[in-house]
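Below is one structure, written out as structure tokens; comments come after it.
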Amino acid sequence: MPPRQWGAYTSTVPLAWKYVNFDRPSRAKVPRKPGLYAFAVQPPHTDFPPSSWIFYVGEVGATNRPARTLWKRYDEYLKELDESVRAKVGRLIYKYRGFVRFYYCELDPTVIDIKAVETQLISALWPYANKNDFDAESGRTLKALR
């Protein structure tokens, strides 16, 4: 985990994160809008200290294609519960089934460079399942470590 990157991170836009438990019934709560999303594992017990592990950060709608929405992307990830298409993300979604939260924030691609914000978050958090989209410095560091 990269504490130096956490300290260096400065938000270029306000992000209003919301979440749903990652399961089929929660799909209806996910908006049909572009934005950022993140998968996190969160232990369920109240006697544990509050904690979560963000293992993936992604974006949808950076190209301003109306068919690419958080809702559609969520639906694609639901298929990972049945058949692992993306090795790291799918394996983690399956392994931590019942403990995964889908965080999302709606962003307007005509006003905000969603891809740039995604890169900033990935570079600050170093999510385990992200392979690409790091800034140059973080990408070089991670390549040396992995």
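Residue numbering for the sequence shown follows our numbering, starting at 55 and increasing by one per position.
Note that beta-carbon positions come from the ideal geometry of N, C-alpha and C, so glycine has one too.
These numbers were taken from a predicted model, which means no experiment stands behind them.
Between the Cα of residue i and those of the options, spot the shortest distance and give me the residue it belongs to.
{"i": "K185", "options": "Y73, F109, V171", "result": "F109"}
{"i": "T117", "options": "D162, P98, P85", "result": "D162"}
Does DSSP put residue i in a helix, in a strand, or in coil?
{"i": "A70", "result": "coil"}
{"i": "R155", "result": "strand"}
{"i": "I168", "result": "helix"}
{"i": "Y11", "result": "There is simply no residue 11 to check, as the chain begins at 55 and stops at 200 in what is shown."}
{"i": "Y182", "result": "coil"}
{"i": "Y91", "result": "strand"}
Since residue i and residue j should fall inside the 8 Å C-beta cutoff, what is the C-beta to C-beta distance between them, to a whole number of angstroms?
{"i": "K83", "j": "V74", "result": "5 Å"}
{"i": "E160", "j": "E113", "result": "About 12 Å; that fails the 8 Å criterion."}
{"i": "R155", "j": "F76", "result": "6 Å"}
{"i": "V111", "j": "L175", "result": "5 Å"}
{"i": "S106", "j": "A121", "result": "The pair is not a contact, with the Cβ atoms about 30 Å apart (cut-off 8 Å)."}
{"i": "A183", "j": "K142", "result": "4 Å"}
{"i": "R81", "j": "Y128", "result": "6 Å"}
Between residue i and residue j, what straight-line distance do the alpha-carbon atoms span, to the nearest angstrom?
{"i": "F153", "j": "A178", "result": "23 Å"}
{"i": "D167", "j": "W71", "result": "17 Å"}
{"i": "Y63", "j": "T123", "result": "26 Å"}
{"i": "F102", "j": "Q96", "result": "10 Å"}
{"i": "L90", "j": "Y158", "result": "6 Å"}
{"i": "T164", "j": "G115", "result": "10 Å"}
{"i": "D136", "j": "W60", "result": "35 Å"}
{"i": "T66", "j": "K126", "result": "26 Å"}
{"i": "R78", "j": "P181", "result": "24 Å"}
{"i": "R58", "j": "I147", "result": "28 Å"}
{"i": "D187", "j": "P104", "result": "29 Å"}
{"i": "E130", "j": "T100", "result": "31 Å"}
{"i": "R119", "j": "A92", "result": "20 Å"}
{"i": "P56", "j": "A170", "result": "19 Å"}
*Going along the chain, which unbroken runs of the beta strand (DSSP E) with 3 or more residues stay wholly within the stretch 94-121?*
Within the stretch 94-121, the runs of beta strand (DSSP E) that reach at least 3 residues and sit entirely inside it are, in chain order, 107-114.
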